[in-house]
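First the structure, in the form of structure tokens, and then the observations on it.
Residue numbers (our numbering): 46 to 156.
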């Protein structure tokens with residue numbers, strides 16, 4: 046009888062461990078998706094030569110995908126029109142089983 050209780054307790058703890066591990070995996074997947082999206086946005090901005098229309102379209106698409114994005118264009122040399130754009134993408138990092146709800150930011154620079 047004592048072994049049956051130990052086995053049931055072990056299975057219960059193993060089940061809790063699996064649920065927590067899956068929750069962490071899902072949260073990490075959302076972070077990876079946000080980083081990939083930020084890299085795609087940086088690539089689009091660079092390929093458009095820092096077009097304001099493309100930047101505003103990317104910001105709107107980010108909002109449609111559940112992200113919040115800020116793009117800050119900086120002109121380095123006005124004579125050669127050399128510029129960079131700082132991209133900051135905010136996404137939700139949630140682990141519901143542990144009641145973790147955070148906003149995380151990934152940043153990048155388009156050159």
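Beta carbons: idealized from backbone N, C-alpha and C, even for Gly.
Can you tell me which of the three DSSP states residue i falls into?
{"i": "residue 128", "result": "strand"}
{"i": "residue 88", "result": "helix"}
{"i": "residue 55", "result": "helix"}
CB-CB under 6 Å to residue i, same chain, minus the five flanking residues each way: which ones, in chain order?
{"i": "residue 117", "result": "131"}
Return the first residue and the last residue of the beta strand (DSSP E) that residue i is part of.
{"i": "residue 94", "result": "No beta strand (DSSP E) contains residue 94, which DSSP labels as neither H nor E."}
{"i": "residue 114", "result": "113 to 122"}
Does the distance from the C-beta atom of residue i to that of residue j stay below 9 Å?
{"i": "residue 156", "j": "residue 91", "result": "yes"}
{"i": "residue 154", "j": "residue 76", "result": "no"}
{"i": "residue 68", "j": "residue 129", "result": "no"}
{"i": "residue 100", "j": "residue 93", "result": "yes"}
Using a Cβ-Cβ cut-off of 8 Å (strictly less than) and excluding sequence neighbours within five positions of residue i, which residues of its own chain qualify?
{"i": "residue 82", "result": "107, 110, 112, 134"}
{"i": "residue 79", "result": "112, 134, 136, 149, 151"}
{"i": "residue 103", "result": "86, 89, 90, 114, 116"}
Original post:
Is the region 133 to 146 in contact with the region 102 to 116, if contact means three or more CB pairs nearer than 8 Å?
Top reply: yes
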